[in-house]
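Residue numbers (this note's numbering), protein chains in the order written: chain F, 50 to 513; chain W, 344 to 540; chain H, 193 to 285.
If you want it as structure tokens, here you go:
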């Protein structure tokens, strides 16, 4: 850490991990409700647990991105952050808004929440992933604007690098596209159409820029490879992400009432979406192979490599599986979608946030390069536990999805939805156990911040 | 001048194509996109031969020929631009690049005329599968022509400022390679969509 | 195989290629203008197109001078869609 103001990243990272825990706990609750329908009913109905699970994910990833940006932008720009105070203030605004929103979800019925937050003045609620009350959405916009202002001023004053540029484009895109969450036409087709402009163009568009720039930053740091080479890769990857991902939005437009050409556009372009992820994998591994030094923070390198692989598998391979419209005709909205969603979010975005946390946190907490040997060992364990658990979750959900599609959509006399679900119980149980394994991994991850943090730093020698 | 140095633009063998290797990775990715699009066109046609054959006749072959010639000529001009910079002649390089950009502009104008004609008849992406493919493919390529012209213009500006020399001209090669790719794609697109039946 | 003279690799070669491309395009145009169709004609036109692409790759892009891996991508790119298109046209007739 070279600049004092980078420290504002700490609360963002901590807040992110707190919400991460909440996300996983609610995931486990839901997982159990799949097989024990009345578990925690009526206190936490399934739809509420799902809302908390998904919203907590999105918010903690956003927090992670913000923390990452506050950490890496000053370092890249070689100047202090424009306003550390504004960054801290915005953290608390954001965290409070997130807490209040989750409390609102849990304490009152959703319709009541809509009433007391004045949803009828500007109706934006009630849509998957965008369930937040309108005032929370406005809060997010305010936080995002302050955040972009703060970073923009920092970059303008300092050195302009490709990483900062790409990151800023990603973050500005993120903020601009979020504005579509305020557009809520009564025509259901239009509603869904623009809803994807937020959801898809985030995760399969601008977020990939954020992912790419964080990955590039960490790789420069841990491998010592020339910035020029890394930036070149970054440019190619984001160009491919845009070529494939923007029109690739069409793979969500197959069955919502849009014109037929979306079947073709969506299929062809989204079929190419694995390419940037594949490039990212090649990129990460070849940079590590060409490394000029062995960085003592080997776990950060592990996360970076892991993110590139899991993102390719989860977003690329599992996405491709059901992206062609003739396939999607059968698989749409089945457990296959859930399998893809889990591994893609974990591989692409959870792991990249954990990568930057893993790289930055030791420095932010006063280490010169890395955590102690013991901390790193623990974190490596957590890496494998969480990653293997997520792989299992994905595989079990994939099996469930294939069976579900078969029973419910392919058979000559298809089963009704709930009857098909009954046949999937065994997979849901296995998924739940894998979920527990994930939680254990997460707890180990948190433990790695505390266990052994008084011990001396790991050095390169002990690793070689 | 020996025979070797006289081979302007092509002095020796190498392991890598001229231009930045990054642009080549990008070119391959772009070619892949177009390749998939072409194959999908052909297989979609297979299921609808009569429709494709019928509406293909409504396309303007004269415009397509002019455009093919325009792009080939433009590509050739770019070859000359590369040769010029290899001799260290920046201003000649700029002139060839401008000529190439002008041919790109010819392409855009002619293609826009075709679009105007189709749209004037009320044809759009939903008219039928043939027009869906015709409009998608050509428009996707159209965007690449614009992109290529922007790249060539950037190279021309830098060349005009003396940013390249006989020994340092990777940027010119990079822009040139991208532009040839745009040409290459059209060379397949033209017979596939306009002629083959 | 590789000659370092003007004739194969130089600007003059590119000029000849250029004229050849113009002519091949004109033939393709004539085929269209005369309304010729059918599998054989289509495949011939496709073959011309692939040949043109090959020439652009070798001479304009300069891949003729490149040895090893990077010599091939454009040629392979031409072959794969070329084969797929041929199959589709074959099956359609």
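The C-beta atom is built at its ideal place from N, Cα and C for all residues, glycine as well.
Bridge partners - residue i, DSSP secondary structure assignment
i                      : result
residue 506 of chain F : F/421
residue 498 of chain W : For residue 498 of chain W, which the question treats as bridged, DSSP gives no partner whatsoever.
residue 258 of chain H : W/357
Residue of the options minimising C-alpha distance to residue i
i                      : options                       : result
residue 528 of chain W : W/514, W/501, W/430 and W/486 : W/486
residue 29 of chain F  : F/148, F/139, F/332 and F/301 : An answer regarding residue 29 of chain F cannot be provided, because it is not within the stretch 50 to 513 covered by chain F.
residue 361 of chain F : F/292, F/223, F/389 and F/74  : F/389
residue 321 of chain F : F/220, F/113, F/373 and F/193 : F/373
residue 474 of chain F : F/462, F/128, F/151 and F/445 : F/445
residue 306 of chain F : F/239, F/250 and F/126        : F/239
residue 243 of chain H : H/262, H/226, H/270 and H/229 : H/270
residue 551 of chain F : F/50, F/144 and F/156         : Any property of residue 551 of chain F remains undetermined from this structure, which presents chain F solely from 50 to 513.
residue 405 of chain W : H/211, H/226, H/209 and H/247 : H/226
residue 423 of chain W : W/531, W/530 and W/523        : W/523
residue 425 of chain F : F/485, F/454, F/501 and F/128 : F/501
residue 342 of chain F : F/402, F/271, F/352 and F/395 : F/271
residue 469 of chain W : F/207, F/337 and F/313        : F/313
residue 411 of chain W : H/202, H/206, H/212 and H/268 : H/212
residue 486 of chain F : F/463, F/96 and F/441         : F/441
residue 362 of chain W : W/512, W/440 and W/371        : W/512
residue 510 of chain W : W/377, W/530 and W/433        : W/433
residue 207 of chain H : W/400, W/357, W/419 and W/401 : W/419
residue 478 of chain F : F/505, F/448, F/456 and F/493 : F/448
residue 126 of chain F : F/277, F/161 and F/207        : F/207
CB contact flag (residue i, residue j, <8 Å)
i                      : j                      : result
residue 375 of chain F : residue 508 of chain F : no
residue 360 of chain W : residue 215 of chain H : no
residue 106 of chain F : residue 72 of chain F  : yes
residue 359 of chain F : residue 328 of chain F : no
residue 22 of chain F  : residue 198 of chain F : Look at the range of chain F in this structure, 50 to 513, and you will see that residue 22 of chain F is not part of it.
residue 519 of chain W : residue 425 of chain W : yes
residue 293 of chain F : residue 318 of chain F : yes
residue 222 of chain F : residue 258 of chain F : yes
residue 491 of chain W : residue 521 of chain W : yes
residue 265 of chain F : residue 285 of chain F : no
residue 435 of chain W : residue 427 of chain W : yes
residue 230 of chain F : residue 247 of chain F : yes
residue 249 of chain F : residue 298 of chain F : yes
residue 407 of chain F : residue 349 of chain F : yes
residue 443 of chain F : residue 365 of chain F : no
residue 508 of chain W : residue 394 of chain W : no
residue 431 of chain F : residue 490 of chain F : yes
residue 247 of chain H : residue 281 of chain H : no
residue 256 of chain H : residue 237 of chain H : no
Nonlocal neighbours in the same chain, by C-beta distance under 8 Å from residue i, ignoring five residues either side
i                      : result
residue 481 of chain F : 77, 80, 81, 83 and 84
residue 385 of chain W : 535
residue 488 of chain F : 73, 74 and 77
Own chain, CB closer than 6 Å to residue i, minus 5 neighbours either side, in chain order
i                      : result
residue 184 of chain F : 166
residue 109 of chain F : 65, 68 and 69
residue 328 of chain W : Outside the shown range of chain W, which is 344 to 540, sits residue 328 of chain W, and nothing can be said about it.
residue 498 of chain F : none
residue 218 of chain F : 258
residue 57 of chain F  : 119, 133, 136 and 137
residue 264 of chain H : none
residue 396 of chain W : 540
residue 268 of chain H : none
residue 100 of chain F : 154 and 180
Beta-carbon proximity list for residue i, same chain, < 7 Å, skipping 5 on both sides
i                      : result
residue 458 of chain F : 379
residue 274 of chain H : 238 and 242
residue 516 of chain W : 361, 362 and 425
Closer than 7 Å: residue i CB and nearest the ligand GDP heavy atom
i                      : result
residue 304 of chain F : The ligand GDP is not among the ligands present in this structure, which contains no ligands whatsoever.
Check: In chain order, what residues of the stretch 374-398 of chain W put their CB closer than 9 Å to some CB of chain F?
Finding: Using a CB distance below 9 Å, the part of the stretch 374-398 of chain W facing chain F consists of 375, 376, 379, 380, 383 and 387, ordered along the chain.
Next item on the list: May I ask you to list, following chain order, the residues of the stretch 452-486 of chain W that have a beta carbon less than 9 Å from some beta carbon of chain F?
Entry: For the stretch 452-486 of chain W, the beta-carbon criterion of a distance under 9 Å to any beta-carbon of chain F is satisfied by 467, 468, 469, 472, 475, 476, 478, 479 and 483.
Notebook entry, point to check: Of the residues that make up the stretch 358-372 of chain W, which ones have a beta carbon closer than 7 Å to any beta carbon in chain F?
Noted result: Within the stretch 358-372 of chain W, the qualifying residues are 365, 368, 369 and 372.
Notebook entry, point to check: Looking at chain H, which residues of the stretch 510-525 of chain W have a Cβ within less than 7 Å of any of its Cβ atoms?
Noted result: So the close ones are 520 and 523.
Note to self: Can you pull out the residues from the stretch 494-512 of chain F whose beta carbon lies closer than 7 Å to at least one beta carbon of chain W?
What the structure shows: Cβ contacts with chain W come from no residue of the stretch 494-512 of chain F.
Item checked: Against chain W: residues of the stretch 274-285 of chain H by CB proximity under 7 Å -> Listed by position, the residues of the stretch 274-285 of chain H near chain W (Cβ gap below 7 Å) are 276, 277, 280, 281, 283 and 284.
Notebook entry, point to check: Taking a cut of 7 Å between CB atoms, which residues from the stretch 305-316 of chain F lie near chain W?
Noted result: Answer set for the stretch 305-316 of chain F: 308, 309, 310, 313 and 314.
Next item on the list: Quick one: which residues of the stretch 284-304 of chain F get their C-beta closer than 9 Å to a C-beta of chain W? List them in chain order.
Entry: So the close ones are 284, 285, 288, 289, 292, 293 and 296.
Item checked: Positions along the stretch 430-441 of chain W whose CB lies within less than 9 Å of some CB in chain H -> Listed in sequence order: no entries.
Next item on the list: Report the residues of the stretch 320-344 of chain F with a CB closer than 8 Å to any CB of chain W, ordered along the chain.
Entry: Of all residues in the stretch 320-344 of chain F, 320, 321, 324 and 328 have a Cβ within less than 8 Å of some Cβ in chain W.
Next item on the list: Select from the stretch 270-281 of chain F all residues with a C-beta closer than 8 Å to any C-beta belonging to chain W, and list them in chain order.
Entry: Those residues of the stretch 270-281 of chain F placed with their C-beta closer than 8 Å to a C-beta in chain W are 281, ordered along the chain.
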